[in-house]
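As structure tokens, the structure follows; a few thoughts come after it.
Protein chains in written order, with the numbering used here: chain U, 6 to 365; chain E, 6 to 365; chain G, 6 to 365; chain Y, 6 to 365; chain H, 6 to 365.
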């Protein structure tokens, strides 16, 4: 049922409960306790790390009364972004994209929670590195949000900090606003990823216009494939965000709906950027091909100029290397200098003609 | 009326009847008995293998009161996936795709029913082999499902096993859930087919980037044609699955509707994957063409470098092979060594100039 | 007003009247009698052959109270397929396509009616021949169907036979079912045309992959233009068939509506096939271009290998053809054999280098 | 405010009033009289020639109570075809296209009205000449039609004649039918223009397939640009015609609505033809490029065959032009004839090898 | 939060209040006074220059009760054009495009207001210069319009002048008409930008058809990228203008709605023009590539003609430069002249053959 790569670390659950004036954070080891823990008042956020543990997913599904299809979707990792309304909850799948194996602000190196690498370092690391696509699922109920991620790292460190310290409006709002904030942070990561690709594109274009390298084509191909992955993550998300707003979903309060509209705008902007970059990539390939033709033209011109000048001259020299007994020119006094004059004028005439055609 | 390839084996009918606590499986030899057999209580699944026997189809159509157009559609094999609502039943056509002549878990080598090849072997065989597309039709009535397939092999072996043993929820649900399960199994096969094509694509890309072979182009063309076939099977299926959900069809209970939504998602995912692979194929063709240009450029550079260096030198050698009486250079003492010096400097200068142009 | 090619034969009208137990077929020479003839009971089918006789069309229009725009449309031959509802009748235009000047089962060589060539011969003739597109119009009223065709030949021979003999359900149904049957026969012809193009495409592809001929490009171009014609005939037909079903047209009984849905499916299938063939044609052109590049590469490699090996050797031979007095090598004993050794090693080295580059 | 080219002639107004049994035609010199003139009974058609006189347009706008935006649109000449409903009138803009500077049946050389050149001459002139696009605007009120054109020439000569003589149904109908007739005449011109382009396309294709000329590419480019202009004129017109029908516009009587549907069909047909021609043009460019490659291939083959045959032979001749003292072959008796034999066999072998590769 | 380039100048606010008979214009230095200033009667237009001062934006947001998301959107500069309805105001974002660093009629060199450069100079400057894209936001309330721009320059100088002098209908209308006028002026700028690009395109096409330069490809690429930017600014604007009309927004009076329809038309026209230019650019790239092939063909023909004529002749000369003792031709009397005759006929034959192939 689990369709991703093999994982060796254990899955674990983190439960955060908060109200405007209270905050509590704990590790959940015994899933059977879950129902009791979630029964307490306030907003509850249960974060499940490691969807490869299908046994755990099934236990959670049973404890929280999730539909079998939801549990199945959580573990099968190739999901397209989508939103589905079940009887008692809203289920949403989206993809987290980063440009390196480990997503950026790594606040959860262990199940514990502290801020790891500083943001600056993470951003500078982003510009390089291969694309990493991870599945991120949300289950939203009244005042309860359950999130599922593959790896322990995520971009939610600053958010957790704000929850802890009570800064901002987060603690004053419900689970729906928390869900919006998480979705928005994931979409914000797309912008970072696309900016990194934008930089790659620009440097690649400069490189190609300066003179294509042997591996330029390979890099164009790799970029194209990566952008296809990004596009498959973003394209359906646009509809998902749209339907989150439109549907008369009681899961989102009208106040949060304004924010969802904003997140929807962001998703559309990302889509726009992806399409623009894809077009640029196509035109880059065209430029590459065109430059190959330009270069071929240059090479051929040199070959043609040299051959066209010297082949007739060589022929003339060949003529007067012949050994016939009866060649009167051999005995003329000025024959040799005259031949040089003829040859030089011939070469000169050709050079003039090439100049006129713009080949020199 | 039958439009497929000629078949030599006889068509046969298998009838499975089940309830939560009962299971019965039998061969139907006499179609006239059909109405009586189907009148018994419980869910009934009639599987017809071999639609080339149009006489049999007509008999079944008469026994079950199918519309003439339905019977016609069953036998004309080029059908596009579609769903049609008739007065007393729902008719659906879709395509079963596999990557070898015989579809995978071959549980029906004879009209009898046992599991044949183990799943692992089937999957490994998949990666190779030509694409095989077969028509699969369903007629769904209240508690009665009739399916029609061309060949005896199908991917439903494990499902039959589950029905027999009573494992899972299958026996607790109606014919609509059985129909969903069959549809979902067929769609799951698409994923396997596309994964095999994905592997082909990847190895083809590697091969082309390493250095295109003579038959690379042929293989690109073959892949493109196959993906066109897959696309024609999947594209309309998306709409079919959508209309199965949307239409207020009394044939599907609300509970099963959730599952249909899931199958619809799968169909959309398959479509996505097909389109992505088609794009990759197009870009592969572009890369092939570009690499041809790159190679041509290399070839031309070598030709130009060699010609440009030696043609002028050969001309000089030709000059001093002439037989004029009055050629003073012939009598100079250092003429010959001097000529070598001139030639070597000429060649050296050209090599430097080629280096600067990046041709060497 | 008539926009087609000039026709020399006279237009004529054939009137068929039938009920479940009666059949009557006659030639109509006097249009003024038409109203009286059509007043009789039963289903009436008036077939007008030859729309170049605009005078006749106007007379018919007056006799049957057709709108002036309908009469105009009948005679202007470039019509796009369409359906229009007038106050007292339904007007429909579609195109009959065949792959030779005369459409296939030629049952009407004269206004009389007998079956001509057997079907098998007609089909074999189809695979060749240029595309022929003819306008076919229908006017459907309650129990009255009027059809207009340009030429006397049409694919309706077997249908007329069935009407005459009373086989099948035709005589039991109304004019709407007759209209459906005619439309369906016309659409069936599309399949035959497309199959013939499919054969052409396949043989063209084989030819190109085996080694493109001089006229391959011309044939690709011709095929593309033909498919454009087919597409313009089929694309709007899809919408026409759709609107025939959807509109609450009282002209079609609910029973016939099922059949129209089937014909609609066929139109969509034809459209699919056209688009697939167009894609194959595009990819065929790409393959042709790519193969040209492949061949150019081969040609250039041969040229480069030969030139690169022999040009330096010829230079060396040129050197020792010079006539300087003071060339010590001339007097060495082993100079000549040594030069051969040098030349052969040079050539050998180059061949090894070409092997390594994969040029040999 | 006026955005077109400068015009030197004066603008003028022609007013035609007609009823079933009356016809009156006059020149309007004083715009202030306009309101009084238009108050008379019957259908009135006011034709304004020369929209460069913005002062006049403003006067007309004030006299007829047109919205300022309408007046602005009349004078700014780059308008896209559109229809707009104002409080008391319907405003429509479309484009008149011709293939020469002066549009065809020039019935208004002066503000007066007589038929100029016969239609036949006009049509023959059409096939040549550059594309000319002119803005044509209509304001339709109850029984009043005001039209605005840039130049005095237009395709409405025959229509005016019919109005004068009272032939046809024109005089029996209202201003809405007059508007339809004008629109239809303008659309009919599109067909003529496209036919001329079709002829151009065909002759260009023949020329290219016979052997592309130096200016073929220029002509392809020019055709493409012209078709873009036509497309921009026609594409929005389709929607305009559609909305004329659909909107419950009281400006068109139900009877005229049938005619509008017909004009709509024509617009769609024009659009179809434009798209088809654009596709043909694209494929023509592809063919041009492909033929260039074919020719390059031919050129390269000749070069390669000649070089590959003679370069090794020249090398051999060079060998035996050397002056080493110790070259035993020089003294063999049959050396010279033997060399000829070797050379001829070498050349023969190569020719055979080229034949086998299909290069000769 | 602010995402644009760093700005060094201070942000400032200009408040204009007017009624039909009154006009007042002042600088706002203390944002806390804003609420009081805006409470006065008449239409009020508050123009904020410099959105890099996020502190100021927050103060304004607090004073005018803007939603936090609106304030965020104001400062994040990559916004896509959009319109959003909040509880008490309408928020709209669009982009101002110009073809030089400073937008044209620079009426606000300092926060003060006078007209700078005359329009003619500005327009002539337009044709050159890089594309400059600036974010322009509007907040529309009842009788209050707040606009936000990045730089002090804008195209609103003539409008301000009209407001001051009371010419036109501006002072008689509400804030909604003012908003329309600003939007229309911004869209009018697009036309100017596109005209400049049209000129660039035309000169580039001429240049390429005359003979492509080394930097032509670079210029095509730059143009393509610029048009992508324009397209991203205009494409969503079309929908924005559409929804301004359609939505039953109480912010626009029915009278102004007519004007919005006009502005919508303009946006569609701009979109059309952008798409047309993009197509022309694509076809320009194709032409460039084709011309490269044409030139290559020319180069190859010269090379082939020269090589093919002289290589065989050189071979003949080489033959008779050999030193075999026994070469009878050497002693023939007319051998040398005869060889010349042979050579000249050979060359002549080849020239004739090349003429026939059209290579000369």
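All C-beta atoms in this analysis are idealised placements derived from N, C-alpha and C, irrespective of residue type, glycine included.
As the structure is a prediction and not an experimental result, all values here were calculated from the model.
Listed in chain order, the positions of the segment 329-355 of chain H with a beta carbon within less than 7 Å of a beta carbon of chain Y are 329, 330, 331, 332. Cβ neighbours of residue 83 of chain U within its own chain (closer than 7 Å, five residues either side excluded): 8. Shown here for residue 76 of chain G: same chain residues with a beta carbon closer than 7 Å to its own, the five before and five after excluded, namely 62, 63, 66 in chain order.
Remark: C-beta atoms of residue 297 of chain G and residue 298 of chain Y approach each other more closely than 8 Å.
By the beta-carbon neighbour count (other beta carbons within 10 angstroms, threshold 16), residue 154 of chain G is buried. Comparing C-alpha distances from residue 216 of chain E to each of G/46, G/281, G/364 shows the shortest one belongs to G/364. One finds 315, 318, 319, 322 in chain Y with Cβ atoms closer than 8 Å to the Cβ of residue 320 of chain H, taken in chain order. If you check each beta-carbon in the segment 133-155 of chain E against every beta-carbon of chain G, none falls closer than 8 Å.
Within chain U, no residue has its CB atom less than 7 Å from the CB of residue 208 of chain E, the nearest being about 15 Å off. Of the other Cβ atoms in all chains shown, 16 or more fall within 10 Å of the Cβ of residue 162 of chain G; this residue is therefore buried.
Taking 8 Å as the cut-off, the beta carbon of residue 139 of chain E is found closer than this to the beta carbon of residue 101 of chain E. Residue 316 of chain Y is positioned such that its CB atom lies no closer than 8 Å to that of residue 350 of chain G. Of H/86, H/16, H/354, the smallest CA-CA separation from residue 59 of chain H is found for H/16.
Taking the beta carbon of residue 198 of chain Y as reference, no residue of chain H falls within 7 Å; the closest one sits roughly 18 Å away. Residue environment: residue 27 of chain E is assigned as exposed (fewer than 16 neighbouring CB atoms within 10 Å of its CB, all protein chains considered). Contact with chain E is found for residue 311 of chain U, since one of that chain's Cβ atoms lies less than 8 Å from the residue's Cβ. Within the DSSP secondary-structure output, residue 100 of chain U pairs in a beta bridge with U/140. In this structure, residue 305 of chain H lies away from residue 301 of chain U, with their beta-carbon atoms at least 8 Å apart.
The three-state secondary structure of residue 85 of chain U, taken from DSSP, is coil. Ranked by Cα distance from residue 147 of chain H, the options H/141, H/183, H/318, H/237 are led by H/183. For residue 27 of chain G, no alpha helix (DSSP H) segment is defined; the enclosing uninterrupted segment is the beta strand (DSSP E) at 27-33. In the three-state reduction of the DSSP assignment, residue 153 of chain E falls in the strand class. At the C-beta level, residue 231 of chain G and residue 136 of chain G come within 8 Å of one another.
Rounded to the nearest whole angstrom, the C-alpha separation of residue 293 of chain E and residue 288 of chain Y is 22 Å.
Of H/55, H/19, H/38, the smallest CA-CA separation from residue 49 of chain H is found for H/19.
When Cβ-Cβ separations below 8 Å define contact, residue 66 of chain G makes no contact with chain Y.
Of all residues in the segment 240-255 of chain G, only 240, 241 place a beta-carbon less than 9 Å from a beta-carbon of chain Y. A direct Cα-to-Cα measurement between residue 92 of chain E and residue 256 of chain E gives close to 12 Å. Residues of chain G whose Cβ lies closer than 9 Å to the Cβ of residue 284 of chain Y are, in chain order, 229, 233.
Burial of residue 80 of chain U is indicated by the presence of at least 16 other C-beta atoms within 10 angstroms of its C-beta. Among the CB atoms of chain H, none fall inside 8 Å of the CB of residue 192 of chain U. Counting along the chain, residue 54 of chain G sits inside the beta strand (DSSP E) bounded by residues 48-54. Around residue 211 of chain U, the same chain offers no residue with a beta carbon nearer than 7 Å, after the five sequence neighbours per side are excluded. Chain-ordered, the chain E residues with CB closer than 8 Å to the CB of residue 216 of chain U read 363.
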